[in-house]
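> I have a structure I would like to understand better, so I am pasting it below and will then ask my questions one at a time.
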Amino acid sequence: MFDALFVMALGAIVLGAALGYAAVRFRVEGDPLVEKIDAILPQTQCGQCGFPGCKPYAQAVAKGEAEINQCPPGGEEGIHKLADLLGREFKPLSAEHGIEKPKAVALIDEQTCIGCTLCIQACPVDAIVGAAKQMHTVIAGQCTGCELCLPPCPVNCISMEPIPESVENWKWKYPVIKLVAAQEVAR
Amino acid sequence: MSALRQLFRFNGGVKPAYHKEASTTLPIAVAPAPTRLVIPLHQSIGGPPRPLVTTGDRVLKGQRIGGADGNVSSAVHASTSGTVLGVEMRLMPHTSGLSALCVVIEPDGRDEWMERQPFDFHAATPTATRDYLRDAGVVGLGGAVFPSHLKLNAGKQGKLDTLVLNGAECEPFITCDDALMRERADALLKGAAIMRDMLAATRVLVGIEDNKPEAIAAMEAAAARTGDDSIQVVAVPTRYPAGGAKQLIRVLTGIEVPHGERSTDHGVQCFNVGTAHAIYEAIALGQPLISRIITVAGNVGQARNYEVLFGTSMRDLIAPCAPLPDTDRIIMGGPMMGFLMPGDDVPVVKATNCVLVGSRALFPPPPPEMPCIRCGECAKACPADLQPFEMYWFSRARMFGKAQEYHLFDCIECGCCAYVCPSRIPLVDYYRFAKSEIWAREVDKEAADQARERYEFRLLREEREKQEKAAKLAAKTAAGREKAAAALAEAEKPARTPEEEAKHALIAAALERAKAQKAQVQPENTGDLSPEQQAEIAAIEARRAEIREQAKPHLRQDD
Amino acid sequence: MTSYLFIILGAVLVNNVVFTRILGLCPFMGVSKKLETALGMGAATTFVLTMACGASFIIDRWLLMPNQLEYLRTLSFIVTIAAIVQLTELVIQKTSPVLHQVLGIYLPLITTNCAVLGVPLLNVSLRHNFLESLLFGFGSALGFTLALILFAGIRERMEAADVPTHFRGTAIAMITAGLMSLAFMGFAGLDKFR
Chain A
2 MFDALFVMAL GAIVLGAALG YAAVRFRVEG DPLVEKIDAI LPQTQCGQCG
52 FPGCKPYAQA VAKGEAEINQ CPPGGEEGIH KLADLLGREF KPLSAEHGIE
102 KPKAVALIDE QTCIGCTLCI QACPVDAIVG AAKQMHTVIA GQCTGCELCL
152 PPCPVNCISM EPIPESVENW KWKYPVIKLV AAQEVAR
Chain B
71 MSALRQLFRF NGGVKPAYHK EASTTLPIAV APAPTRLVIP LHQSIGGPPR
121 PLVTTGDRVL KGQRIGGADG NVSSAVHAST SGTVLGVEMR LMPHTSGLSA
171 LCVVIEPDGR DEWMERQPFD FHAATPTATR DYLRDAGVVG LGGAVFPSHL
221 KLNAGKQGKL DTLVLNGAEC EPFITCDDAL MRERADALLK GAAIMRDMLA
271 ATRVLVGIED NKPEAIAAME AAAARTGDDS IQVVAVPTRY PAGGAKQLIR
321 VLTGIEVPHG ERSTDHGVQC FNVGTAHAIY EAIALGQPLI SRIITVAGNV
371 GQARNYEVLF GTSMRDLIAP CAPLPDTDRI IMGGPMMGFL MPGDDVPVVK
421 ATNCVLVGSR ALFPPPPPEM PCIRCGECAK ACPADLQPFE MYWFSRARMF
471 GKAQEYHLFD CIECGCCAYV CPSRIPLVDY YRFAKSEIWA REVDKEAADQ
521 ARERYEFRLL REEREKQEKA AKLAAKTAAG REKAAAALAE AEKPARTPEE
571 EAKHALIAAA LERAKAQKAQ VQPENTGDLS PEQQAEIAAI EARRAEIREQ
621 AKPHLRQDD
Chain C
32 MTSYLFIILG AVLVNNVVFT RILGLCPFMG VSKKLETALG MGAATTFVLT
82 MACGASFIID RWLLMPNQLE YLRTLSFIVT IAAIVQLTEL VIQKTSPVLH
132 QVLGIYLPLI TTNCAVLGVP LLNVSLRHNF LESLLFGFGS ALGFTLALIL
182 FAGIRERMEA ADVPTHFRGT AIAMITAGLM SLAFMGFAGL DKFR
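Chains as they are written, first to last, in the numbering used here: chain A, 2 to 188; chain B, 71 to 629; chain C, 32 to 225.
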């Protein structure tokens with residue numbers, strides 16, 4: 002009996018000491034997981050997830066403080082990717098954080114704009130140019146469609162315009178087998 | 071010569087019915103002058119050109135109407151003289167049925183050329199020649215419309231071993247290159263010689279499928295006339311897709327261009343014969359690319375090759391060929407790789423090598439798709455040595471990463487796999503779907519990376535501004551404290567000394583003088599004015615004074 | 032010499048831990064969704080299992096048997112394995128971040144892999160010497176890796192297949208595993224050299 006206790010205690014002490022030493026000796030700073038999660042997120046910096054930007058959300062997800070289904074711009078596909086990366090189950094997009102919308106860019110109605118610069122301050126990616134009492138305009142190519150400029154505008158002159166389909170961004174559609182009535186085949 | 075050459079072979083390929091005889095019985099005709107030209111600005115790979123004309127402008131034949139935007143782009147020219155009716159969105163010859171910016175020209179019927187001057191490329195630097203070709207709108211006429219000036223680059227070594235001219239023309243129905251080689255072999259070879267000089271290539275191999283004996287004979291005769299034995303005409307076995315660039319290079323030189331590398335890395339560059347002709351016209355004649363030879367074939371009474379101005383409507387083009395009444399579709403390109411047009415009112419562009427008129431009888435609707443049985447026929451037929459059934463499997467399941475692992479982007483979309491598939495799966499449709507999805511994701515990823523960078527920079531800037539502000543505030547309060555301390559010290563000091571008093575008086579006198587001077591000086595531009603102007607100024611001044619008076623109480627309130 | 036070869040071959044194919052001994056099914060089902068993760072898990076298990084076999088042999092032979100404490104075998108083996116896994120993770124994380132990224136979350140999972148406990152126990156019951164224990168552990172781990180990779184390859188493909196709705200996910204995976212197990216039973220007939 003005493004032998005058993007002694008052997009187990011010895012084992013525990015030796016192994017514990019080894020692990021304790023290793024934990025100090027081989028300490029690693031930083032979390033590479035955050036970078037990987039951040040790379041999947043769409044970088045709209047819209048804050049719809051409840052965090053101030055994509056990186057904080059990535060940190061929260063990495064720590065397990067946030068669900069993976071809180072990013073509406075990333076959509077279903079983004080959730081699938083996060084689920085794959087983190088080995089979690091796929092969940093449908095959480096409704097309280099918003100819905101997946103087609104990609105859009107902000108457009109300032111330049112007739113109504115009073116040049117208050119509030120939207121410039123709100124834009125997370127500096128995609129609005131203008132100065133005080135001067136007309137503002139959106140650089141469409143840089144706009145992430147985060148909609149953060151909509152609420153601050155005092156005259157509601159900003160609207161979201163969906164990006165139209167053009168010959169350049171047109172995509173081949175998924176091949177669909179056409180169902181043809183039997184008579185038509187016979188013809 | 072050609073009999074002695076050892077040829078190689080590419081794996082796979084198919085032998086479809088060729089249907090080429092119908093359009094080669096008659097020589098090339100000039101298409102009837104259209105009543106209206108719709109010239110799309112974006113006709114090549116790369117950035118869309120900027121429009122250089124506006125509504126109402128008169129343009130001459132060959133005048134540049136779209137300027138290349140950046141180096142990876144190509145200019146567009148007016149195909150005939152006339153008046154610009156507008157620069158507007160028009161239906162494109164594109165499967166999507168979408169519109170893009172086009173220059174609409176009403177021809178004046180005079181077909182008046184702008185001033186043309188041959189370009190002396192021997193005297194010019196290679197860069198200048200390439201810029202010239204870019205501005206002449208020369209692009210690859212095999213169908214991919216890649217700007218030719220970008221390909222006329224000798225690569226890392228500064229010289230090439232072989233220039234391959236692609237006259238294989240393997241796709242059924244299409245005979246435009248065949249006709250070009252029969253009738254314009256000499257001009258074509260002059261273009262080839264120019265390209266050879268630009269690329270510093272040692273030899274030129276013209277690969278022609280052996281089902282075009284007339285073209286081979288014409289080209290051989292022309293090659294003999296040049297007296298230049300670096301140009302050789304080689305008959306290659308007829309097998310689709312022998313006209314694919316990589317496949318033809320393989321057959322002629324035995325070089326297999328590996329995944330992710332360019333043929334120039336292996337000392338070979340490949341051009342279509344039509345491109346050689348276009349380069350001859352651009353450099354030797356000073357004519358930009360404004361027309362090309364197009365085969366009209368399929369469900370028509372008389373198939374034929376036409377020299378067509380870009381911007382001509384396909385409907386106008388096929389009209390003289392008498393399309394049969396059961397015509398129900400128009401395909402740009404051939405039956406294997408062609409694209410279904412959204413209608414017949416689309417313009418002919420640089421990529422149009424063939425306008426294939428189709429009907430239900432000629433191209434019956436495909437039978438229903440059946441499950442893949444993994445028979446491997448597609449892998450046997452694939453000329454790019456890919457595994458089509460794997461790419462299909464993952465493209466269909468939208469597992470694009472996996473599809474890319476099977477080298478989806480090495481697929482040339484030749485359609486051999488779909489041609490041999492016993493389950494009649496439209497494989498190429500799946501590849502096109504997967505490719506465009508992957509491209510879209512790539513674009514999104516790039517945008518996201520840019521947004522991240524900009525966001526991080528903004529955070530950085532905000533942080534910096536905050537610090538600067540804090541520093542300024544700290545400095546200000548420090549200064550304020552000092553001032554207060556100084557004032558305190560001042561109060562404690564005894565009255566001013568006489569010297570200080572004198573200094574003070576001097577300063578006050580100087581200030582007084584300055585004030586008086588200021589009152590005397592008049593603004594210079596009010597020197598010699600007419601009485602009316604002076605009256606006007608006086609009125610304005612009066613109004614200003616009035617406003618100042620009115621504003622005073624407010625100002626005081628504010629104070 | 033051939034007996035060593037037979038130990039390895041037998042552990043990999045004939046007595047495959049997963050398909051014949053039905054050990055380590057939890058990570059087998061859990062991390063076989065993707066080929067890369069299967070490879071990572073396989074590599075991590077191979078390393079840990081070989082180490083665990085060596086360590087447990089030493090503990091058993093030099094600590095437990097002299098003191099007639101064989102009844103503590105399971106307990107002490109578990110503690111040893113857990114410590115080895117933890118230590119391995121710490122060391123790898125520091126010395127080779129790349130490898131750590133590959134193995135990543137799979138390393139701690141190995142602690143709960145019953146194959147890692149089962150194989151040292153089998154070593155004891157089969158009365159293997161030190162070298163045989165190491166080889167047996169290495170072979171078993173190779174067998175585990177093989178099973179994992181084969182299964183992951185099939186599952187990746189199955190992801191894209193038209194599986195009837197009710198069979199999607201774990202159900203079809205179980206059926207596949209059963210079929211593979213049947214296939215591995217074929218190796219039981221490999222007694223040519225006996």
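Glycine is no exception: its CB is placed at the ideal position from the N, C-alpha and C atoms.
Count the other CB atoms, across all protein chains shown, that sit within 10 Å of the CB of residue 623 of chain B; report buried if there are 16 or more and exposed otherwise.
Caution applies to residue 623 of chain B, whose pLDDT of 49 falls short of 50 and renders its modelled position unreliable; the model cannot decide the point.
> May I ask which residues mark the beginning and end of the beta strand (DSSP E) holding residue 154 of chain C?
Segment 145–156 is the alpha helix (DSSP H) holding residue 154 of chain C; no beta strand (DSSP E) there.
> Considering only residues of the same chain and omitting the five flanking positions on each side of residue 476 of chain B, which have a CB-CB separation below 8 angstroms?
Cβ within range, chain order: 456, 457, 460, 461 and 464.
> Please classify residue 91 of chain B as buried or exposed, where buried requires at least 16 neighbouring CB atoms within 10 angstroms.
exposed
> Can you name the residues of chain B whose CB is closer than 7 angstroms to the CB of residue 145 of chain A?
521
> According to a CB-to-CB cut-off of less than 7 angstroms, which residues of the region 144–167 of chain B neighbour chain A?
162, 164 and 166
> Suppose contacts are defined by Cβ-Cβ distances below 8 angstroms. Is residue 174 of chain C in contact with residue 42 of chain C by that definition?
yes
> Taking residue 469 of chain B as the query, report the chain C residues whose CB atoms sit under 9 angstroms from its CB, ordered along the chain.
In chain order: 187, 190 and 191.
> Taking Cβ to Cβ, would you say residue 174 of chain A is nearer than 8 angstroms to residue 503 of chain B?
Yes, Cβ-Cβ distance for residue 174 of chain A and residue 503 of chain B is below 8 angstroms.
> Taking a cut of 8 angstroms between CB atoms, which residues from the region 448–478 of chain B lie near chain D?
Note that chain D does not occur in the displayed structure, where the protein chains are A, B and C.
> Determine the DSSP secondary structure at residue 51 of chain B, reduced to helix, strand or coil.
Residue 51 of chain B is absent from the structure shown; chain B starts at 71 and stops at 629.
> So, is the C-beta of residue 107 of chain C closer than 8 angstroms to a C-beta in chain A?
yes
> Chain C beta carbons: is any one of them nearer than 8 angstroms to that of residue 4 of chain A?
yes
> The ligand SAH and residue 181 of chain B: does the residue's C-beta get closer than 7 angstroms to at least one heavy atom of that ligand?
Among the ligands in the structure shown, none appear at all, so the ligand SAH cannot be discussed.
> Please work out which residues of its chain come closer than 6 angstroms, Cβ to Cβ, to residue 188 of chain A, disregarding the five sequence neighbours upstream and downstream, and give them in chain order.
The predicted position of residue 188 of chain A is uncertain, since its pLDDT is 48 and thus under 50; no value can be drawn from it.
> With a threshold of 16 other CB atoms inside 10 Å of the CB of residue 127 of chain C, please say whether the residue is buried or exposed.
exposed
> With 9 angstroms as the C-beta to C-beta threshold (strictly closer), list the residues of the region 79–100 of chain C near chain A in chain order.
90, 94, 95, 98, 99 and 100
> Rounded to the nearest angstrom, what separates residue 198 of chain C and residue 438 of chain B at their Cα positions?
27 angstroms
> State buried or exposed for residue 157 of chain A, treating a residue as buried only when at least 16 other CB atoms are found within 10 Å of its CB.
With fewer than 16 Cβ atoms within 10 Å of its Cβ, residue 157 of chain A is classed as exposed.
> Please identify the residue among C:202, C:161, C:162 and C:100 whose C-alpha is closest to the C-alpha of residue 5 of chain A.
Of C:202, C:161, C:162 and C:100, the residue nearest in Cα terms is C:100.
> Just checking: is the beta-carbon of residue 54 of chain A within a distance shorter than 8 angstroms of some beta-carbon in chain B?
Closer than 8 angstroms to some Cβ of chain B, the Cβ of residue 54 of chain A qualifies, so yes.
> Taking only the alpha-carbon atoms, compute the straight-line gap between residue 248 of chain B and residue 239 of chain B and give it to the nearest angstrom.
7 angstroms
> What first and last residue would you give for the alpha helix (DSSP H) that runs through residue 296 of chain B?
283–296
> Check this for me: beta carbons of residue 208 of chain B and residue 352 of chain B, under 8 angstroms apart or not?
In contact: residue 208 of chain B and residue 352 of chain B (Cβ atoms closer than 8 angstroms).
> For a contact meaning CB atoms closer than 7 angstroms, what does residue 524 of chain B contact in chain A?
From the beta-carbon of residue 524 of chain B, the residues of chain A found nearer than 7 angstroms are 126, 127 and 143.
> Leaving out five residues before and five after residue 59 of chain C in sequence, what residues of the same chain have Cβ atoms less than 8 angstroms from its Cβ?
49, 175, 178, 179, 182 and 208
> Are the C-beta of residue 114 of chain C and some C-beta of chain A separated by less than 8 angstroms?
yes
> Checking 8 angstroms against the spacing of the C-beta atoms, do residue 487 of chain B and residue 451 of chain B come in under that value?
yes
> Under 8 angstroms between beta-carbons, which chain A residues line up against residue 122 of chain C? List them in chain order, please.
23 and 27
> Using a Cβ cut-off of 8 angstroms, pull out every chain B residue sitting near residue 118 of chain A, in sequence order please.
Within chain B, no residue comes near residue 118 of chain A; the closest Cβ sits about 14 angstroms away, beyond 8 angstroms.
> Determine the chain A residues that contact residue 500 of chain B at a beta-carbon separation under 7 angstroms, and present them in chain order.
176
> Are the Cβ atoms of residue 402 of chain B and residue 425 of chain B separated by less than 8 angstroms?
yes
> Run the CB neighbour count on residue 160 of chain C, radius 10 Å, all protein chains shown included, and call it buried at 16 or more, exposed below.
exposed
> What separation, rounded to the nearest whole angstrom, lies between the Cα atoms of residue 378 of chain B and residue 127 of chain B?
23 angstroms
> Should residue 409 of chain B and residue 221 of chain B be called a contact, given that it needs their Cβ atoms to be closer than 8 angstroms?
no
> Check residue 299 of chain B in the structure and name its three-state DSSP category.
coil
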